[in-house]
Amino acid sequence: MEKMQQIVGQARAAFRSGRSRPLEFRIQQLKALQRMVQEKEKEIMRALKADLNKSGPNAFTQELLGVLGELALTMEKLPSWAAPQHVKKDLLTLRDETYISYEPLGVVLVIGAWNYPFALVMNPLIGAIAAGNAVVVKPSEVSENTARLVAELLPQYLDKDLYAVVTGGAPETTELLTQRFDHILYTGNSAVGKIVMAAAAKHLTPVTLELGGKSPCYIDKDCDLAVACRRITWGKYMNCGQTCIAPDYILCDPSIQSKVVENIKATLKEFYGEDVKSSPDYERIINQRHFKRILGLMEGQKIAHGGETDEASCFIAPTILTDVSPESKVMEEEIFGPVLPIVPVKSVEEAIEFINGREKPLALYVFSNNKQLIRRVIAETSSGGMTANDVIMHSVLPELPFGGVGHSGMGAYHGRFSFETFSHRRTCLLKDFRWDVVNRLRYPPGREEIMQL
Amino acid sequence: NPYAGLVSHLRASWLSGKTRPMEYRVAQLEALERFLDDKKQQIMDATASDLGKGPFETELSEILVCKNELHETLNNLSCWMKDEKVDRILAMQLDSAFIRKDPYGVVLIIAPWNYPIQLFLVPLIGAIAAGNCVIVKPSEVSKKTERLVAEALPSYLDKDCFAVVTGGVPETTRLLENKFDYIFFTGTPPVGRIVMTAAAKHLTPVTLELGGKNPCYVSDTCDVTNVARRVAWGRFFNAGQTCIAPDYLLCTLEMQEKLLPALREATNYFYGPNPRESPDFGRIVSDKQFQRLRALLGSGRVAIGGQTDEAERYIAPTVLVDVQPSDPVMQEEIFGPILPMLIITNMDEAIDFINSQERPLAVYAFSSDDKVVNQILERTSSGGFCGNDTLMHVTLPSLPFGGIGNSGLGTHHGKFSFDTFSHLRGCLKRGMGRESLNAPRYPPYSQRKLGLIQATLKVARKSDCTLL
Numbered sequence: 001m002e003k004m005q006q007i008v009g010q011a012r013a014a015f016r017s018g019r020s021r022p023l024e025f026r027i028q029q030l031k032a033l034q035r036m037v038q039e040k041e042k043e044i045m046r047a048l049k050a051d052l053n054k055s056g057p058n059a060f061t062q063e064l065l066g067v068l069g070e071l072a073l074t075m076e077k078l079p080s081w082a083a084p085q086h087v088k089k090d091l092l093t094l095r096d097e098t099y100i101s102y103e104p105l106g107v108v109l110v111i112g113a114w115n116y117p118f119a120l121v122m123n124p125l126i127g128a129i130a131a132g133n134a135v136v137v138k139p140s141e142v143s144e145n146t147a148r149l150v151a152e153l154l155p156q157y158l159d160k161d162l163y164a165v166v167t168g169g170a171p172e173t174t175e176l177l178t179q180r181f182d183h184i185l186y187t188g189n190s191a192v193g194k195i196v197m198a199a200a201a202k203h204l205t206p207v208t209l210e211l212g213g214k215s216p217c218y219i220d221k222d223c224d225l226a227v228a229c230r231r232i233t234w235g236k237y238m239n240c241g242q243t244c245i246a247p248d249y250i251l252c253d254p255s256i257q258s259k260v261v262e263n264i265k266a267t268l269k270e271f272y273g274e275d276v277k278s279s280p281d282y283e284r285i286i287n288q289r290h291f292k293r294i295l296g297l298m299e300g301q302k303i304a305h306g307g308e309t310d311e312a313s314c315f316i317a318p319t320i321l322t323d324v325s326p327e328s329k330v331m332e333e334e335i336f337g338p339v340l341p342i343v344p345v346k347s348v349e350e351a352i353e354f355i356n357g358r359e360k361p362l363a364l365y366v367f368s369n370n371k372q373l374i375r376r377v378i379a380e381t382s383s384g385g386m387t388a389n390d391v392i393m394h395s396v397l398p399e400l401p402f403g404g405v406g407h408s409g410m411g412a413y414h415g416r417f418s419f420e421t422f423s424h425r426r427t428c429l430l431k432d433f434r435w436d437v438v439n440r441l442r443y444p445p446g447r448e449e450i451m452q453l
Numbered sequence: 001n002p003y004a005g006l007v008s009h010l011r012a013s014w015l016s017g018k019t020r021p022m023e024y025r026v027a028q029l030e031a032l033e034r035f036l037d038d039k040k041q042q043i044m045d046a047t048a049s050d051l052g053k054g055p056f057e058t059e060l061s062e063i064l065v066c067k068n069e070l071h072e073t074l075n076n077l078s079c080w081m082k083d084e085k086v087d088r089i090l091a092m093q094l095d096s097a098f099i100r101k102d103p104y105g106v107v108l109i110i111a112p113w114n115y116p117i118q119l120f121l122v123p124l125i126g127a128i129a130a131g132n133c134v135i136v137k138p139s140e141v142s143k144k145t146e147r148l149v150a151e152a153l154p155s156y157l158d159k160d161c162f163a164v165v166t167g168g169v170p171e172t173t174r175l176l177e178n179k180f181d182y183i184f185f186t187g188t189p190p191v192g193r194i195v196m197t198a199a200a201k202h203l204t205p206v207t208l209e210l211g212g213k214n215p216c217y218v219s220d221t222c223d224v225t226n227v228a229r230r231v232a233w234g235r236f237f238n239a240g241q242t243c244i245a246p247d248y249l250l251c252t253l254e255m256q257e258k259l260l261p262a263l264r265e266a267t268n269y270f271y272g273p274n275p276r277e278s279p280d281f282g283r284i285v286s287d288k289q290f291q292r293l294r295a296l297l298g299s300g301r302v303a304i305g306g307q308t309d310e311a312e313r314y315i316a317p318t319v320l321v322d323v324q325p326s327d328p329v330m331q332e333e334i335f336g337p338i339l340p341m342l343i344i345t346n347m348d349e350a351i352d353f354i355n356s357q358e359r360p361l362a363v364y365a366f367s368s369d370d371k372v373v374n375q376i377l378e379r380t381s382s383g384g385f386c387g388n389d390t391l392m393h394v395t396l397p398s399l400p401f402g403g404i405g406n407s408g409l410g411t412h413h414g415k416f417s418f419d420t421f422s423h424l425r426g427c428l429k430r431g432m433g434r435e436s437l438n439a440p441r442y443p444p445y446s447q448r449k450l451g452l453i454q455a456t457l458k459v460a461r462k463s464d465c466t467l468l
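Residue numbers (this note's numbering), protein chains in the order written: chain A, 1 to 453; chain Y, 1 to 468.
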């Protein structure tokens, strides 16, 4: 307990010193982070390989590229994001200065997840630093190699007092959450999200919760099935299905189900070769516990493709399940693995009703040549974000807010949304002493005639 | 669960999609304006009965403010509802990327008693504008207004989508057991914690408009008469029951000596020699609040006012001097017509004191020297800030209104209300063609593919030399 108190206390004292406020300082810290990513690329990739069996190019595209992009964008735009925003005035304030000032919140807590262990700690950290805060980072202990590396590297590159790393599991995180923060960004599952928010409520700490859910993928009969399936295969099986915005399950007409299976099978061969297990580009399940969990989801299901597993290496082959019943276990929880159920639906109406009957997902996907249909699906459903005719890609565009809604989360970040999430928008009105004549109208004693004005 | 039926009825209406079209929302908002016009006299009577609010204050703070929000919203709704197109990276130049404003669903608004119409109606405007269904829980403390809202409001709005729930703590606790898609709460920090804890059980996002002790710094160089007027106006409006009222004053002994006669004069100018007889000075809302405030009069020494009348729940516009930071009047948000003055020797001391307290909803600084005002602004943190005046920063709908830390989270007013009650959904619409452009992202991975991806996905610094 004392250790946590000390770390947070140190960060708060460092924040109070004011040194994280000047833009030059923040940009200098971001530049240092950029150097870190460039200089320690090999070490980072080694940690990702150890944690998730992520291959070099894969690790680079999935984690480092995005982080470098956020860094570049943030350093470029910070002066304009941080500038006071002048607003429209009214008659009473014509002669005054009216603007919104972007100010740091104070000490921010970032809790990372294990599936993209580097990016999910770095991207929020970048935003929190850019907004002028002190930051405590708690990487996921499940991806232990990356956690250890982050704990080693950050103090080597950043201001040690302002930016601290805390490692550990549930007990350490619980302890950390008793401390007072000025914002908490948590990436993980809904159950723990509730615990984080309840802990935050004790201190009235605002939270951003990046959670998950079952992201539906509707495939219309009228679409280029080969292309659709290739894109879906890419998004579903990358990182061995351990992606919060992976297409979780497919909804499609029963008449195209077998074609969907054929197309995905063909694409899988293209991507990973005949023997998936020996492809350097196919990852592994993070640990035994999740391996067993996903195995359980496949029980009793019609396996149209895949299904092979190897416990020792936490390998689960890319798997497709067909004619899946909505009531089955695999349709109850977020799969977070390389298992793709297909639930037959007879129409887009049925698909929309199906989606709306469940918790709001983090992402929603729809494949169709019919623009009207796409528009309709967007208008009649709700989700954190969505992509039509592709998957994952809406999260790649920094101009789009990335976050959930309902059970899939609250708040958003990426790009300027990170900056705004970690900033306080302070309303400022600077008046003159003169012109009290105008003020007199509002003072008592009140008179009817003045009201008519 | 007594409210389960109501909540599920509203949720069914929400899922039917009827609140989505702009025409529907406009119709409901226009009905709200009719409510304000038709029921103006009843609103005046109710707030006069609940808070001793005179017609002038009611007109300004309950009717006009709401109408401004309605007009601002109606004028801009179609613009606010539009999909917001965003800049695209090279790889997405041919795609459509935009932010869709989605309603959350069923919203709960819990309102307090001090501005009993404004503080439910203004958020309600935002929630309706954003396309939600809403349950309004007005405060049971402002009894007459609660009854008026419960009886009259439903006949103006679509009963399938909007409801009023009345009751006290037990009813609100049961109401909070239900799942809402957004909760907007205005009230005190302790209850804010309870609301957020209840919201956490359902992962419901919240906006909490809370309070605190709003400091008011008066420097030695200022126009004393104007300062006294602006501060007295802000403090004594609504008999001090305003979340953004200047809670306490910080100034030097010299300034205090000049301010006291000026404050006396301002109070006299506003309310006459006996404020109890002025139709413009309000009353305390309840016996409980009256007792609480009367006890605070024991802190320091009464320099102006101090008179009370229990039967009327009247507390005179009062200024306390010789107040110490440890006194009872400095331990809680006053929320009454009492202004303690704390002596400091210089601006730095004032800033240190302000920063040693919880972050307030507002910070006020008076000085003819711009540099002083800016110093206070830059070296403190608060929901909002007003230099050389009080309260006015919340009257502009283009400025966000909200707290920080103990004084709250989230904002509203104007477009900020609309945004608060909307889920900003990132949307990307791609085409099925040009699949060859996607090729570099697919396995089997290679350095060559990586180079291609970097070229199309990267966001380059303008200073980098690139073909872009």
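Don't be surprised by glycine CBs; every beta carbon is placed ideally from N, CA and C.
If you're wondering where the values come from, they're calculated on a predicted model, not measured in any experiment.
Asked, Found
"Which residues mark the beginning and the end of the alpha helix (DSSP H) in which A:P57 is found?", "G56 to A59"
"Considering just the uninterrupted stretch of the alpha helix (DSSP H) at Y:L296, what are its terminal residues?", "D287 to L296"
"Taking Cβ positions only, does Y:Y314 come closer than 8 Å to chain A?", "no"
"Name the two residues that bound the continuous alpha helix (DSSP H) containing A:V196.", "S190 to K202"
"With 8 Å as the limit, tell me which residues of the segment 217–241 of chain A have their beta carbon closer than that to any beta carbon of chain Y; keep them in chain order.", "C223, D224, V227, A228, R230, R231 and W234"
"Using a cut-off of 7 Å between C-beta atoms, extract the partners of A:H394 located in chain Y.", "G426, C427 and L428"
"DSSP puts Y:D102 in a beta bridge; with which residues?", "Y:H423"
"Following the continuous beta strand (DSSP E) through Y:E435, name the residue where it begins and the one where it ends.", "Y:E435 -> no beta strand (DSSP E), and no H or E assigned at all."
"Checking contacts by CB at 8 Å: is Y:H423 closer than that to chain A?", "yes"
"I need the straight-line Cα distance from Y:Q42 to Y:A150, nearest angstrom please.", "13 Å"
"Name the chain Y residues that come within less than 7 Å of A:I378, Cβ to Cβ?", "R100 and C427"
"Could you name the residues of the same chain whose beta carbon sits closer than 6 Å to that of Y:R461, not counting the 5 residues immediately before and after it, in chain order?", "Here the model assigns Y:R461 a pLDDT of 48, short of 50, so the residue's position is not dependable, and the following value carries that caveat. Closer than 6 Å at Cβ, skipping near neighbours: no residue."
"Can at least three beta-carbon pairs, one atom from the segment 196–204 of chain Y and one from the segment 187–203 of chain A, be found at a separation below 8 Å?", "yes"
"In chain order, what residues of the segment 261–291 of chain A put their CB closer than 9 Å to some CB of chain Y?", "T267, E270, F271, Y272, G273, S279, P280, D281 and Y282"
"Let me see if you follow: with CB-CB separation under 8 Å, is A:F456 close to chain Y or not?", "With chain A covering 1 to 453 only, the question about residue 456 of chain A has no answer from this structure."
"Check distances from the C-beta atoms of the segment 286–317 of chain Y to those of chain A and list, in chain order, the residues that come in under 7 Å.", "none"
"Would Y:C386 count as contacting chain A if we go by Cβ distances under 8 Å?", "yes"
"My guess is that Y:F236 and Y:P317 are in contact by the Cβ rule of under 8 Å, so how many angstroms apart are they, rounded?", "5 Å"
"Which runs of the beta strand (DSSP E) at least 3 residues long sit entirely within the segment 64–150 of chain Y? Give them in chain order.", "96–103, 106–110 and 133–137"
"What does A:T174 reach in chain Y if we use C-beta pairs closer than 9 Å?", "The contacting residues do not exist; A:T174 stays about 15 Å from chain Y at best."
"From the DSSP output, which residues share a beta bridge with A:E97?", "A:L430"
"Any idea if A:M454 is buried or exposed, counting beta-carbon neighbours within 10 angstroms, 16 or more meaning buried?", "Shown here, chain A extends from 1 to 453; a query on residue 454 of chain A therefore has no answer."
"Only counting runs of 4 or more residues, tell me where the alpha helix (DSSP H) segments fall wholly within the segment 88–173 of chain A, in order along the chain.", "119–130 and 144–157"
"Given 7 Å as the limit, tell me if A:A228 has its C-beta closer than that to any heavy atom belonging to the ligand GTP.", "As for the ligand GTP, it is missing from this structure, which has no ligand bound."
"Please go through the same chain and pick out, in chain order, the residues whose beta-carbon is closer than 7 Å to the beta-carbon of Y:Y24, but skip the five residues on each side of it.", "K18"
"Report the rounded CA-to-CA distance for Y:P440 versus A:Y365, giving the unit in angstroms.", "22 Å"
"Thinking A:T243 and A:N58 are a contact (beta carbons under 8 Å), I'd like their distance in whole angstroms, please.", "Between A:N58 and A:T243 the Cβ distance is about 12 Å, and since that is not below 8 Å, they are no contact."
"Thinking A:G491 and A:E141 are a contact (beta carbons under 8 Å), I'd like their distance in whole angstroms, please.", "Lying before the first or after the last residue shown, residue 491 of chain A is absent from chain A, which here runs from 1 to 453."
"Spell out whether any CB of chain Y is found under 8 Å from the CB atom of A:R26.", "no"
"For A:S279, which of helix, strand or coil comes out of DSSP?", "coil"
"Let's test the definition: count the other Cβ atoms within 10 Å of the Cβ of A:C217 and tell me whether it reaches 16, buried, or not, exposed.", "buried"
"Name, in chain order, the residues that DSSP records as bridge partners for Y:V218.", "Y:F366"
"Go through its chain and collect everything with a Cβ distance to Y:A163's Cβ below 8 Å, but skip five positions before and after it.", "L6, L10, V134, I135, V136 and P154"
"Quick check on A:T421: does DSSP put it in helix, strand or coil?", "helix"
"Run down chain B in chain order and give the residues with a C-beta less than 8 Å from the C-beta of A:L397.", "The question asks about chain B, but that chain is absent: this structure's protein chains are A and Y."
"Flag A:V405 as yes if its beta-carbon sits less than 8 Å from any beta-carbon of chain Y, otherwise no.", "yes"
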